Amino acid sequence: MDRVAGKRAVVTASGGKMGGAIALRLAQEGANVVLNDLVPGLTSSYAEQIRALGREVIEVDGDVTDRAAAEAVVGAAIDRWGGVDILVNNVGGMKGPYTHELADITEDSWDNTMRINLRGTFLCSQLAVPGMIERKSGKIVNIASTAWAGGVSPYSVSKAGVVSFTRGLADELAIHHINVNAVAPGATQTRVQYGEEILPRIPMRRVNEPSDIANTVLFLASEEARQISGQLVIVAGGANPSL
Numbered sequence: 002m003d004r005v006a007g008k009r010a011v012v013t014a015s016g017g018k019m020g021g022a023i024a025l026r027l028a029q030e031g032a033n034v035v036l037n038d039l040v041p042g043l044t045s046s047y048a049e050q051i052r053a054l055g056r057e058v059i060e061v062d063g064d065v066t067d068r069a070a071a072e073a074v075v076g077a078a079i080d081r082w083g084g085v086d087i088l089v090n091n092v093g094g095m096k097g098p099y100t101h102e103l104a105d106i107t108e109d110s111w112d113n114t115m116r117i118n119l120r121g122t123f124l125c126s127q128l129a130v131p132g133m134i135e136r137k138s139g140k141i142v143n144i145a146s147t148a149w150a151g152g153v154s155p156y157s158v159s160k161a162g163v164v165s166f167t168r169g170l171a172d173e174l175a176i177h178h179i180n181v182n183a184v185a186p187g188a189t190q191t192r193v194q195y196g197e198e199i200l201p202r203i204p205m206r207r208v209n210e211p212s213d214i215a216n217t218v219l220f221l222a223s224e225e226a227r228q229i230s231g232q233l234v235i236v237a238g239g240a241n242p243s244l
């Protein structure tokens, strides 16, 4: 129960099932955690569970695609604990219908989806990295999606951007012993509840639980993964559209 003992973690969008599971899993293994969500109060149940483990937890509401909110979230860890050891950029989603038809994509859907999936990841990383460089250590885990592998959809394109950003940042920060990786979940039981009709498309015939993503993030955030950087880990029950 000490794989990330004493580490200072920030998990964005941690009021939902996936982000909350990630934050809780890190806390179970010894981390103190800053929780964040756009919706006030959404992180409270996870905060209670983390406190029950004897860990410190800070809740900061706000949209991290806005610089002031990102500064507040990352700054909370710096002000309270002196820095960020683990940054999980989990914030993401889309605006508008999920479509691969170019003619159906609106400019607002395109712009807003790019902002949701890329801007917060960029801002929080930019704010957390200087301290990591100073300490010559740190772990950044970005949440992508199997949708990154192709498609005209703004969601697919933005998640491909997360993968590209991960690889570029990993290369830049490797000299400082900072690991940057991405996790690409397949179908996961979060706000969207998948039925049995999707199972034939998944070789292992089961949908991800949030804990499947949380366990993967924990591994990448631990010293067990100290030689892994710039990688995309696909968690999708054997489904791999990138191959």
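The sequence shown runs 2 to 244 under our numbering. We put the beta carbon where it would ideally sit given N, CA and C, even for glycine. Bear in mind that the values here come from a model prediction, so they are computed numbers and not experimental data.
Three-state secondary structure (DSSP) of residue i
i, result
"Ala183", "strand"
"Lys140", "strand"
"Leu43", "coil"
"Ala10", "strand"
"Asp38", "strand"
"Asp109", "helix"
"Val85", "coil"
"Asp62", "strand"
"Leu124", "helix"
Local Cβ density within 10 Å of residue i, reported as buried at 16 or more and exposed below that
i, result
"Gly16", "buried"
"Thr103", "Residue identity check: residue 103 is Leu in the sequence provided, not Thr. Exposed: under 16 other Cβ atoms inside 10 Å."
"Asp213", "buried"
"Val34", "buried"
Proximity below 9 Å, CB of residue i to CB of residue j
i, j, result
"Asn37", "Val74", "yes"
"Gly196", "Gly238", "no"
"Ile144", "Asn91", "yes"
"Arg52", "Glu30", "no"
"Arg56", "Ala32", "yes"
Minimum Cβ-Cβ distance from residue i to chain C less than 9 Å
i, result
"Ala150", "The structure shown contains no chain C, having only a single protein chain."
Same chain, Cβ closer than 7 Å to residue i, five either side skipped, listed in chain order
i, result
"Lys137", "His177, His178"
"Gln50", "Leu25"
Proximal residues to residue i (C-beta, below 8 Å), its chain only, five neighbours per side dropped
i, result
"Arg26", "Ser212, Ala215, Asn216, Val218, Leu219"
Sequence-distant residues of the same chain with beta carbon closer than 6 Å to residue i, five excluded per side
i, result
"Ala171", "Val181, Ser230, Gly231"
Subject >> Validate contact between the segment 172–187 and the segment 219–234 using beta carbons, cut 8 Å, 3 pairs >> reply: Yes, the segment 172–187 is in contact with the segment 219–234.
**OP:** Would you check if there are 3 or more beta carbon pairs closer than 8 Å linking the segment 112–121 to the segment 63–71?
**Re:** The count of Cβ pairs closer than 8 Å, one atom from the segment 112–121 and one from the segment 63–71, reaches three, so the stretches are in contact.
Original post:
Using 8 Å as the Cβ pair cut-off and three pairs as the minimum, do the segment 42–50 and the segment 97–117 touch?
Top reply: At 8 Å Cβ cutoff, the stretches do not touch.
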